[in-house]
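Student:
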Amino acid sequence: MAEAIVSIVVERLGNLLIQEAISFAGVSKQVKQLQVELKQIQSLLKDADARQNEGESVRQWVANMRDVAYDAEDIIERYALKVGSRKGGGIQNVLKRPFVCILREAKAIYQTRSEIGEITKRISTLSLHLQNYGIKFVSMEGGGPSSSSEKIGKQRQTYAHVEHNVVVGLEDSLKEVVACLTEEVKYKYRVVSICGMGGLGKTTLARKVYNHQQVTSHFDCRAWACISQRCQPRDVWEGVLISLISPSKDQRDEIRSLRDEELAEKLFEIQQQKKCLVILDDIWNVEDWYNLRAAFPMNDTNSRILLTSRNEALTPKVDPSGHLHKLPFLNDENSWELLQGLAISRRSEGHFPEDFEIRTRMLIQMWVAEGLIYQMQHIGSNEETLEDVGERYLQELVQRCMVQVGQKSSFVRIKTCRLHDLMRDFCVEKAKSENFLHIINIDHESNEEIEAPIGEVRRVAISGRSSPLRHGFTLPLTSQKYFHLRSFLTFSMSLKEKSLLRNFKYLRVYMGMDFTPNINRLIHLRFLSPRYTSVRSIPSLRNLKCLQTLDLRQMYWPDNVPNDVFINMEHLRHLYLPLLAKFREKLQLPNASKLQTLVNIPVSICDVKDPTAGFDEFGKDLMPSNFTFNCLCVLKISQKKTVAITPMVMRCPHIYQLRHLGKIEKLPEHDQISQHLAQLKLANTRLEKDPMLILEKLPNLKILHLRSFAYTGKKMICSVRGFPQLQSLILYSLKDLEEWEVEEGSMPKLYHLKIEYCLNLRMVPDGLQFVSNLQKLEIVRMYPSFEERLGEGGQDFYKIRHVPSLKVIPLSHLELSYVMLLTSSAMVSYTVGA
Numbered sequence: 001m002a003e004a005i006v007s008i009v010v011e012r013l014g015n016l017l018i019q020e021a022i023s024f025a026g027v028s029k030q031v032k033q034l035q036v037e038l039k040q041i042q043s044l045l046k047d048a049d050a051r052q053n054e055g056e057s058v059r060q061w062v063a064n065m066r067d068v069a070y071d072a073e074d075i076i077e078r079y080a081l082k083v084g085s086r087k088g089g090g091i092q093n094v095l096k097r098p099f100v101c102i103l104r105e106a107k108a109i110y111q112t113r114s115e116i117g118e119i120t121k122r123i124s125t126l127s128l129h130l131q132n133y134g135i136k137f138v139s140m141e142g143g144g145p146s147s148s149s150e151k152i153g154k155q156r157q158t159y160a161h162v163e164h165n166v167v168v169g170l171e172d173s174l175k176e177v178v179a180c181l182t183e184e185v186k187y188k189y190r191v192v193s194i195c196g197m198g199g200l201g202k203t204t205l206a207r208k209v210y211n212h213q214q215v216t217s218h219f220d221c222r223a224w225a226c227i228s229q230r231c232q233p234r235d236v237w238e239g240v241l242i243s244l245i246s247p248s249k250d251q252r253d254e255i256r257s258l259r260d261e262e263l264a265e266k267l268f269e270i271q272q273q274k275k276c277l278v279i280l281d282d283i284w285n286v287e288d289w290y291n292l293r294a295a296f297p298m299n300d301t302n303s304r305i306l307l308t309s310r311n312e313a314l315t316p317k318v319d320p321s322g323h324l325h326k327l328p329f330l331n332d333e334n335s336w337e338l339l340q341g342l343a344i345s346r347r348s349e350g351h352f353p354e355d356f357e358i359r360t361r362m363l364i365q366m367w368v369a370e371g372l373i374y375q376m377q378h379i380g381s382n383e384e385t386l387e388d389v390g391e392r393y394l395q396e397l398v399q400r401c402m403v404q405v406g407q408k409s410s411f412v413r414i415k416t417c418r419l420h421d422l423m424r425d426f427c428v429e430k431a432k433s434e435n436f437l438h439i440i441n442i443d444h445e446s447n448e449e450i451e452a453p454i455g456e457v458r459r460v461a462i463s464g465r466s467s468p469l470r471h472g473f474t475l476p477l478t479s480q481k482y483f484h485l486r487s488f489l490t491f492s493m494s495l496k497e498k499s500l501l502r503n504f505k506y507l508r509v510y511m512g513m514d515f516t517p518n519i520n521r522l523i524h525l526r527f528l529s530p531r532y533t534s535v536r537s538i539p540s541l542r543n544l545k546c547l548q549t550l551d552l553r554q555m556y557w558p559d560n561v562p563n564d565v566f567i568n569m570e571h572l573r574h575l576y577l578p579l580l581a582k583f584r585e586k587l588q589l590p591n592a593s594k595l596q597t598l599v600n601i602p603v604s605i606c607d608v609k610d611p612t613a614g615f616d617e618f619g620k621d622l623m624p625s626n627f628t629f630n631c632l633c634v635l636k637i638s639q640k641k642t643v644a645i646t647p648m649v650m651r652c653p654h655i656y657q658l659r660h661l662g663k664i665e666k667l668p669e670h671d672q673i674s675q676h677l678a679q680l681k682l683a684n685t686r687l688e689k690d691p692m693l694i695l696e697k698l699p700n701l702k703i704l705h706l707r708s709f710a711y712t713g714k715k716m717i718c719s720v721r722g723f724p725q726l727q728s729l730i731l732y733s734l735k736d737l738e739e740w741e742v743e744e745g746s747m748p749k750l751y752h753l754k755i756e757y758c759l760n761l762r763m764v765p766d767g768l769q770f771v772s773n774l775q776k777l778e779i780v781r782m783y784p785s786f787e788e789r790l791g792e793g794g795q796d797f798y799k800i801r802h803v804p805s806l807k808v809i810p811l812s813h814l815e816l817s818y819v820m821l822l823t824s825s826a827m828v829s830y831t832v833g834a
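If you count the sequence shown from 1, position 57 lands on 57 in the UniProt record's numbering, and the numbers rise without skipping.
Structure follows, in structure tokens:
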């Protein structure tokens, strides 16, 4: 982990040198030299990280190097914030500045040079210690494996003949995989994959399959190859070929003398001539398969491949028509059977509490705030944001079964995730051993039992379920060991000593219940999310120039939000305002060009027709009339007065999620709406014209919600070839809607349809019978006559008989009585009026 941290710091220093060229004019030479020193030590740490188990000295040196890297970044960032904000503007600005300011800058330059000098001395000393111990420089391009890496590889080596005495919970999986390989009439899979997170039993299952009587009698010959992280194609090919043909000594020598292409060709031919089973155990990535595939026929063969991997994305790359078997987790009964008799004592701790549903958007924002994600190169004309990179990282963790998916949005984005208990315990233990994270669980510990970290700790998480505010519970955070915190999370707990926060001057990530004036001193802060706080007023945040994410949604009924609270946040990317906040004046934002998320925008003080009028600091210089929110992806608007949203929507060319609550004049034309729009939610918009005529032309719209008088017309039409990507459609409380027509060929990918409280709608559309992909239909709080038409034997049953899941929730008796009373009153009034 130390090598990874140093790598991040090296990248960060490089970015700072480019972005803050003016700020570093006085120390650029020293910073560049520091970057060189860190790059050099990085190649030593590649070997040292893998050899920490060889001795306490190595572990301590590696820990010291982590601290050096963090300290280096702290020094450079502190200098950039102190001096950078005062520089710029040319010689005229310099002449205008007081002499005392120039003296302060000179002092800061001298101090920073001195501190960098101390850091480089520490690096040299640690480098010498590591080399004297026998730690070797490892090429950053990959190089050959160190002796330690070879040891790890040998530890991971698997063999077909080594069987475990205790195998639990794999019986059904064994039957399925054996059938997929041997029942050729029913299954014609060339490749079968077993996937699952580490420790679930992939190799154990593969070994059971390999030695199964039905498999041994079905195939002419079998071979087992352990791939692991260091895949050497020639070694794999030789091992497989030798296992398949059982050669003599002379034949083995002949095989070893073959060129790579000859060896691959010979192995290829054997698998075409015979019915072979080849097991590739623990294959890590697609590149390894690409290096191996020349020796494995994919057509015109009765041979089969069984592979095991943590990476689910591997199967379609190896064979798009192959079979993927995902290993399930053990149930309680099987888990107890496996663990019975073992003395296992685990403590439920973690950065996020056990079984905590982690919001992935928040998680990725934290990664960005801590600098754990590199800025990627441009791909074509489209720039990949740091958040995009973070989402790819998360997807890869999921595919490798290291992270579990909690909830998914309808357009396949992961909304929440969690760690399996075993994986979480492993991560916590690793983080604790490397002083990466310190956890305090107030449910398990008293003041006397809290164990202080060994060295300087950079991340602290405090959790507890039994009591949000435990009387008299004092946290031991006054120690100097905590003063270099970068991340501080509290769950359901408020700090007794509010002044503690001012000690954490290097803090980048803060999520907690406390929101005190001390927050303004945390100038390095990049992520700020006060949760469920009772504070009614927002303190000054003018010093938080580095802030990227500000989430104020959990503030209850804030009195007044100062109009200049965001004025210095030049790097703001995600802004979540309180839903019921009060604003006296127009908001001031310094730079809207980096905004990606803008939630609960206050229309009362911001004219949606012209955002420049809502944020008075944009003005002519910062936000001219043709300004566009190029990074804005999520926009949620709530307002009372009627507005025209077309100008605002046209200024958001990359928006994919839009929610609008309140009356609008009309919808923008389809070519005025971003082609990236995937989710649209409209409520109380009171559109008079059929919105489907415009919305069905949006090429990537996947979720559409029309709620509470979003449309006030009587008829709605979905045309042929309309809504090509729509997956989820909800119609709620469209009380004037009487007729809905769906033409054949419309909504070909619709998966979920919900109709709720649309009491004047007579029936489901006839064209619903042609929406063959529809899997889930919900009919909620509709008239009994509407529901009866859909029942088996009903007039409309033929329209929905192909839908696997039909859920009907009727109107309650009270609701039905109330609706009937209103209907009767309306009929009487109409008769009298006539």
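Don't be surprised by glycine CBs; every beta carbon is placed ideally from N, CA and C. It should be emphasised that the depicted structure is a prediction, and the values quoted were computed from it without experimental measurement.
For residue 69, tell me which candidate among 105, 353, 215, 124 has the shortest Cα-Cα distance.
Tutor: As a working note, residue 69 is residue 69 in the sequence shown. Minimum Cα distance to residue 69 is reached at 124.
Student: In the DSSP assignment, the alpha helix (DSSP H) including residue 289 goes from what residue to what residue?
Tutor: For the purposes of this step, residue 289 is identified with residue 289 of the sequence shown, where counting begins at 1. Its alpha helix (DSSP H) spans residues 286-292.
Student: According to the neighbour-count rule (16 or more other Cβ atoms, all chains shown, within 10 Å of its Cβ), is residue 792 buried or exposed?
Tutor: Counted from its first residue, the sequence shown places residue 792 at position 792. Residue 792 should be labelled exposed.
Student: Indicate whether residue 278 and residue 305 have their beta-carbon atoms separated by less than 8 Å.
Tutor: Start at 1 with the first residue of the sequence shown, and residue 278 comes out as number 278. Start at 1 with the first residue of the sequence shown, and residue 305 comes out as number 305. Going by C-beta atoms, residue 278 is nearer than 8 Å to residue 305.
Student: Three or more C-beta pairs under 8 Å: does that hold for the stretch 189-198 against the stretch 261-269?
Tutor: no
Student: Considering only the beta carbon of each residue, do residue 666 and residue 642 sit closer than 8 Å?
Tutor: On the sequence shown, residue 666 is found 666 positions in, with the first residue counted as 1. On the sequence shown, residue 642 is found 642 positions in, with the first residue counted as 1. In this structure, residue 642 does not lie closer than 8 Å to residue 666 by Cβ.
Student: Pick out whichever of 393, 554, 420 has its Cα sitting closest to the Cα of residue 406.
Tutor: Locating residue 406 in the sequence shown gives position 406, where the first residue counts as 1. For the residues 393, 554, 420, the minimum Cα distance to residue 406 belongs to 420.
Student: Would the beta-carbon of residue 719 be found less than 7 Å away from any heavy atom of the ligand NAD?
Tutor: With respect to the ligand NAD, the structure shown offers nothing to examine, as it has no ligands at all.
Student: Rounded to the nearest angstrom, what separates residue 391 and residue 173 at their Cα positions?
Tutor: Looking up residue 391 in the sequence shown gives position 391. Looking up residue 173 in the sequence shown gives position 173. Whole-angstrom Cα-Cα distance: 31 Å.
Student: What did DSSP end up calling residue 784 once you bin it into helix, strand or coil?
Tutor: For the purposes of this step, residue 784 is taken as residue 784 along the sequence shown, with counting starting at 1. The answer is helix: DSSP assigns residue 784 an H, G or I state.
Student: Exposed or buried, which one is residue 202 when buried takes at least 16 other CB atoms within 10 Å?
Tutor: Taking the sequence shown and counting its residues from 1, the one referred to as residue 202 is at position 202. The residue is buried, with at least 16 neighbouring Cβ atoms inside 10 Å.
Student: Given this structure, state the Cα-to-Cα distance separating residue 838 from residue 463, to the nearest angstrom.
Tutor: Residue 838 lies beyond the stretch modelled for the chain, which goes from 1 to 834, so this question has no answer here.
Student: Per DSSP, which residues does residue 512 bridge with? Please list them.
Tutor: For the purposes of this step, residue 512 is taken as residue 512 along the sequence shown, with counting starting at 1. Residue 512 is bridged to 530.
Student: Using a Cβ cut-off of 8 Å (strictly closer), state whether residue 655 contacts chain C.
Tutor: Of the protein chains in this structure there is only one, and it is not chain C.
Student: Just curious, the beta strand (DSSP E) that residue 461 is in, first and last residue?
Tutor: For the purposes of this step, residue 461 is taken as residue 461 along the sequence shown, with counting starting at 1. Run containing residue 461: 459-463, per the beta strand (DSSP E) assignment.
Student: Between 221, 714, 171, which has its C-alpha nearest residue 205's C-alpha?
Tutor: Counted from its first residue, the sequence shown places residue 205 at position 205. Ranking the options by Cα distance to residue 205, first place goes to 171.
Student: Assign residue 328 to one of two classes, buried (16 or more other C-beta atoms within 10 Å of its C-beta) or exposed (fewer than that).
Tutor: Counting from one through the sequence shown, the residue named residue 328 turns up at place 328. By the neighbour-count rule (16 or more Cβ atoms within 10 Å), residue 328 is not buried but exposed.
Student: Assign residue 435 to buried or exposed, taking buried as 16 or more other Cβ atoms, counted over all protein chains shown, within 10 Å of its Cβ.
Tutor: In the sequence shown, counting from the first residue as 1, residue 435 sits at position 435. Residue 435 comes out buried.
Student: With DSSP as the reference, identify every bridge partner of residue 120, one or two as the case may be.
Tutor: Residue 120 sits at position 120 when you count from the first residue of the sequence shown. None; residue 120 has no bridge partner.
Student: Rounded to whole angstroms, what is the Cα-Cα separation between residue 260 and residue 778?
Tutor: For the purposes of this step, residue 260 is identified with residue 260 of the sequence shown, where counting begins at 1. For the purposes of this step, residue 778 is identified with residue 778 of the sequence shown, where counting begins at 1. If I take the Cα positions, the gap works out to 60 Å.
Student: Starting from residue 716 and walking both ways along the beta strand (DSSP E), at which residues does that stretch end?
Tutor: On the sequence shown, residue 716 is found 716 positions in, with the first residue counted as 1. Residue range 715-718 is occupied by the beta strand (DSSP E) that includes residue 716.
Student: When you compare each of 103, 272, 122 to residue 41 by their alpha carbons, which one comes out closest?
Tutor: Position 41 of the sequence shown, counting from 1, holds the residue named residue 41. The candidate whose alpha carbon is nearest that of residue 41 is 122.
Student: Are the beta-carbon atoms of residue 780 and residue 799 separated by less than 8 Å?
Tutor: As a working mapping, residue 780 is identified with position 780 in the sequence shown. As a working mapping, residue 799 is identified with position 799 in the sequence shown. Contact: no.
Student: By alpha-carbon positions, which one of 394, 437, 432 ends up nearest to residue 418?
Tutor: Looking up residue 418 in the sequence shown gives position 418. Closest option to residue 418, Cα to Cα, is 394.
Student: Ignoring anything shorter than 4 residues, give me the alpha helix (DSSP H) runs that lie fully in the stretch 624-696, in order along the chain.
Tutor: Counting only runs of 4+ residues, the alpha helix (DSSP H) found wholly inside the stretch 624-696 occupies 646-650, 692-695, in chain order.
Student: If we count the other Cβ atoms within 10 Å of its Cβ and call it buried at 16 or more, is residue 117 buried or exposed?
Tutor: Residue numbering aside, residue 117 sits at position 117 when the sequence shown is read from its first letter. Per the 10 Å Cβ criterion, exposed.
Student: Hey, residue 530 and residue 512 are a contact pair by Cβ (cut 8 Å); roughly how many whole angstroms apart?
Tutor: Position 530 of the sequence shown, counted from the first residue, corresponds to residue 530. Position 512 of the sequence shown, counted from the first residue, corresponds to residue 512. The Cβ separation is near 7 Å, so the contact holds.
Student: Grab me the residues of residue 761's own chain with a C-beta within less than 6 Å of its C-beta, minus the 5 sequence neighbours each way, in chain order.
Tutor: In the sequence shown, the residue the question calls residue 761 occupies position 761. Correct list, in chain order: 737.
Student: Of all the beta strand (DSSP E) runs that stay within the bounds of the stretch 163-225, which reach a length of 3 or more residues?
Tutor: 191-195
Student: Terminal residues of the continuous beta strand (DSSP E) containing residue 711?
Tutor: Taking the first residue of the sequence shown as position 1, residue 711 is located at position 711. Note, residue 711: premise wrong, no beta strand (DSSP E); not H, not E.
Student: Taking 8 Å as the cut-off, decide whether the C-beta atoms of residue 34 and residue 109 are in contact.
Tutor: The residue given as residue 34 occupies position 34 in the sequence shown. The residue given as residue 109 occupies position 109 in the sequence shown. The answer is no: Cβ separation not under 8 Å.
Student: With three or more beta-carbon pairs closer than 8 Å as the criterion, would you say the stretch 245-259 touches the stretch 295-315?
Tutor: no
Student: What's the gap between the Cα of residue 518 and the Cα of residue 784?
Tutor: For the purposes of this step, residue 518 is taken as the residue at position 518 of the sequence shown. For the purposes of this step, residue 784 is taken as the residue at position 784 of the sequence shown. Cα-Cα distance, rounded: 60 Å.
Student: Can you tell me whether residue 788 is buried or exposed, with buried defined as 16 or more other CB within 10 angstroms of its CB?
Tutor: The sequence position of residue 788 within the sequence shown is 788, counting from 1. When all chains shown are included, residue 788 counts as exposed.
Student: Does the beta-carbon of residue 134 have 16 or more other beta-carbons within 10 angstroms, so that it is buried, or is it exposed?
Tutor: To locate residue 134, count along the sequence shown from 1; it is residue 134. So residue 134 counts as exposed.
Student: Closest by CA to residue 597, which one among 564, 644, 656, 747?
Tutor: For this step, residue 597 is matched to residue 597 along the sequence shown. The shortest Cα separation from residue 597 among 564, 644, 656, 747 belongs to 656.
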